[in-house]
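*Asks:* Residue numbers (full-length UniProt numbering): 1 to 456.
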Ligand SMILES: Nc1ncnc2c1ncn2[C@@H]1O[C@H](COP(=O)(O)OP(=O)(O)OP(=O)(O)O)[C@@H](O)[C@H]1O
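So, in structure tokens, the structure goes:
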């Protein structure tokens, strides 16, 4: 359905760019500034909580219903809908009690708590209509899924893999520091600008609960940690094994760490290791739980990346490598794959590592957190080529001075040792959300690229 010449305040809708379980995303242009925006229309669910499928129906049906309602709204107002803008601070300060009445505001509230980070999509305005809420955000032309699978953008450039992965980690780390756990980290929810900077979006499944409910499937199956699917309660005996104690073994933040491990595989191997981290339903995952070296048989991993992944993809959520450690290890790794262009990658100099992981855009003259006035211009980003050139220059300087690359840069800060030592040679209430399958699944099934054939 097209909304030609339809406007919401000064935003002219040009096309639909996304469709999900709870909303539709449109591309729009501000008729005054000509700046591009993405506008997500989130369905207003009036009762209970967002996880309860109040209206029933599948994603397609819901989207069609929302589109129909929007079409009526535009028709009734001669194509120009004028809507009030909701004060962002008041949304950010909403309580659980508020969310019970307005569940769809939770996504916006949690997103607002962290959108100051340079790698998280900025929200500019929230507009309220009688049928849905519109979130006005920065627009980005592509997503990480398209970039990895369709454009094969990362197959030859290890530094780009590092840059993108570290930016994602930095965004997730910032969320965790602010008590927000994304719970749906996947390539479709990571957008890219023209300079290969990443932007995290879609906080629809995020939570502030420190522990997730085990054995509750939410998110995309490829990226879902095993404890979401079938947590081995036998390993955690005790009288309250099905209750509080079991839950306490599943920190929400560690679920995101698992998803990051799968994304690292996507970036380096253009594959997914399994369809679902479920021993009963997925043979590859079953074999992985028996013998972690299966990863090396099904994916072209270097020894270093295998070792790193085996520390991230720990079945026991509490044993997973910390995000900080993961970032440092990826920064210092010198090989992603056992052959091809990613078999040799330079370690990052500290300055570049800091640039990638800084929450603030340090390429600006006066770095500060992003500002959110309506007229803001797009921030300036240095191109990835600049960064890559800097790494090459640094490597040249290091070899000229006869020093080992990264470790020699900052011996006095302690940063040095943590980097070089880790170089690896060798009350979440979203319980009833549908188990959303990633686009990856569709695509990989089409291309017969998934690794499950190993076990057939
Ligand atoms: N700011 C943006 N710029 C460009 N495209 C966007 C933006 N936000 C979302 N999209 C596109 O719209 C799609 C759906 O958006 P989003 O994931 O926020 O909606 P959703 O209803 O929660 O989807 P899902 O149910 O798949 O998680 C994204 O995968 C992306 O392709």
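All residues carry an ideal CB built from backbone N, CA and C; glycine is no exception.
My assumption, with CB atoms under 8 Å, is that residue 135 sits in contact with residue 126. Please give the rounded CB distance.
*Replies:* Numbered from its first residue, the chain shown carries residue 135 at position 135. Numbered from its first residue, the chain shown carries residue 126 at position 126. Yes, residue 135 and residue 126 are in contact; Cβ-Cβ is about 6 Å, under 8 Å.
*Asks:* Answer yes if the region 140–160 comes into contact with the region 96–109, meaning at least three C-beta pairs across the two stretches below 8 Å, and no otherwise.
*Replies:* Segments in contact, no.
*Asks:* Beta carbon of residue 190: closer than 6 Å to some heavy atom of ligand 1?
*Replies:* One-based indexing of the chain shown puts residue 190 at position 190. Not under cutoff, so the answer is no.
*Asks:* Decide if the region 159–179 is in contact with the region 322–333; the criterion is three or more beta carbon pairs, one per stretch, under 8 Å apart.
*Replies:* Contact holds: three or more Cβ-Cβ distances are below 8 Å.
*Asks:* Rounded to whole angstroms, how far is the Cβ of residue 228 from the Cβ of residue 204, which I believe are closer than 8 Å?
*Replies:* Reading the chain shown from its first residue, position 228 is the one you call residue 228. Reading the chain shown from its first residue, position 204 is the one you call residue 204. Going by Cβ atoms, the distance from residue 228 to residue 204 rounds to 16 Å, so no, they are not a contact pair.
*Asks:* Considering residue 30, what are the terminal residues of the beta strand (DSSP E) in which it resides?
*Replies:* As a first step, residue 30 is located in the chain shown; it is residue number 30 there, counting from the start. Segment 23–30, the beta strand (DSSP E) holding residue 30.
*Asks:* For residue 80, is the beta carbon positioned less than 6 Å from some heavy atom of ligand 2?
*Replies:* With respect to ligand 2, the structure shown offers nothing to examine, as its ligands consist of ligand 1.
*Asks:* Looking only at its own chain, which residues have a Cβ that is under 7 Å from the Cβ of residue 74, when we skip the five neighbours before and after it?
*Replies:* Here residue 74 refers to the residue found at position 74 of the chain shown. Within the same chain, residue 74 has close Cβ partners 3, 6, 81.
*Asks:* The beta strand (DSSP E) with residue 223 in it runs from where to where?
*Replies:* Counting from 1 along the chain shown, the entry for residue 223 is found at position 223. Run containing residue 223: none; DSSP gives neither H nor E here.
*Asks:* Cutting at 6 Å between CB atoms, please list the residues of its own chain near residue 510, excluding the five before and the five after it.
*Replies:* Residue coverage of the chain in this structure runs from 1 to 456, which leaves residue 510 outside it and unanswerable.
*Asks:* When you compare the CB positions of residue 154 and residue 267, do they come within less than 7 Å of one another, or not?
*Replies:* Here residue 154 refers to the residue found at position 154 of the chain shown. Here residue 267 refers to the residue found at position 267 of the chain shown. Yes, the Cβ-Cβ distance between residue 154 and residue 267 is below 7 Å.
*Asks:* Quick one: is residue 41 buried, meaning 16 or more other Cβ sit within 10 Å of its Cβ, or exposed?
*Replies:* For the purposes of this step, residue 41 is taken as the residue at position 41 of the chain shown. Buried, since its Cβ has 16 or more Cβ neighbours within 10 Å.
*Asks:* Taking residue 175 as part of the alpha helix (DSSP H), name the residues at either end of that continuous run.
*Replies:* For the purposes of this step, residue 175 is taken as the residue at position 175 of the chain shown. Where residue 175 is concerned, the enclosing alpha helix (DSSP H) stretches over 158–177.
*Asks:* Where does residue 36 sit, in a helix, a strand or coil, going by DSSP?
*Replies:* Taking the chain shown and counting its residues from 1, one reaches residue 36 at position 36. Looking at residue 36 - three-state DSSP - the assignment turns out to be strand.
*Asks:* Taking C-beta to C-beta, are residue 250 and residue 212 nearer than 7 Å?
*Replies:* Along the chain shown, read from residue 1 onward, the residue named residue 250 stands at position 250. Along the chain shown, read from residue 1 onward, the residue named residue 212 stands at position 212. Yes; because the gap between Cβ atoms is below 7 Å, this pair is in contact.
*Asks:* Would you mind reading off the limits of the beta strand (DSSP E) that contains residue 192?
*Replies:* In the chain shown, residue 192 corresponds to position 192, counting from 1. Taken as a continuous stretch (DSSP letters only), the beta strand (DSSP E) holding residue 192 covers 190–192.
*Asks:* What's the C-alpha gap between residue 339 and residue 309?
*Replies:* If you number the chain shown from 1, residue 339 lands on position 339. If you number the chain shown from 1, residue 309 lands on position 309. Answer to the nearest angstrom: the Cα atoms are 18 Å apart.
*Asks:* Excluding the 5 residues preceding and the 5 following residue 315 in the sequence, name in chain order all residues of the same chain whose CB lies nearer than 7 Å to its CB.
*Replies:* Working through the chain shown from its first residue, we reach residue 315 at position 315. Contacts found: 226, 289.
*Asks:* Use the C-beta contact count for residue 38: other C-beta atoms within 10 angstroms, 16 or more gives buried, fewer gives exposed.
*Replies:* Counting from 1 along the chain shown, the entry for residue 38 is found at position 38. The residue in question, residue 38, is buried, as its Cβ has 16 or more Cβ neighbours within 10 Å.
*Asks:* For residue 114 and residue 164, which I take to be in contact (beta-carbon distance under 8 Å), what is that distance rounded to the nearest angstrom?
*Replies:* Position 114 of the chain shown, counting from 1, holds the residue named residue 114. Position 164 of the chain shown, counting from 1, holds the residue named residue 164. The Cβ separation is near 19 Å, so there is no contact.
*Asks:* CB-CB under 8 Å to residue 446, same chain, minus the five flanking residues each way: which ones, in chain order?
*Replies:* Here the question's residue 446 lines up with position 446 in the chain shown. Residue placement at residue 446 cannot be trusted, given a pLDDT of 46 that sits under 50; what the coordinates show is reported in the next sentence. Hits under 8 Å: none found.
*Asks:* At which residues does the alpha helix (DSSP H) containing residue 353 begin and terminate?
*Replies:* In the chain shown, counting from the first residue as 1, residue 353 sits at position 353. Where residue 353 is concerned, the enclosing alpha helix (DSSP H) stretches over 350–357.
*Asks:* Enumerate in chain order the residues of its own chain whose CB-to-CB distance from residue 415 is below 7 Å, with the five nearest sequence positions on each side excluded.
*Replies:* Counting from one through the chain shown, the residue named residue 415 turns up at place 415. Interpretation of residue 415 is limited by its pLDDT of 20, a score under 50 that renders its predicted location unreliable; the figure taken from the coordinates is listed afterwards. Contacts found: 350.
*Asks:* Cβ-heavy atom distance between residue 64 and ligand 1 below 6 Å?
*Replies:* The sequence position of residue 64 within the chain shown is 64, counting from 1. Not under cutoff, so the answer is no.
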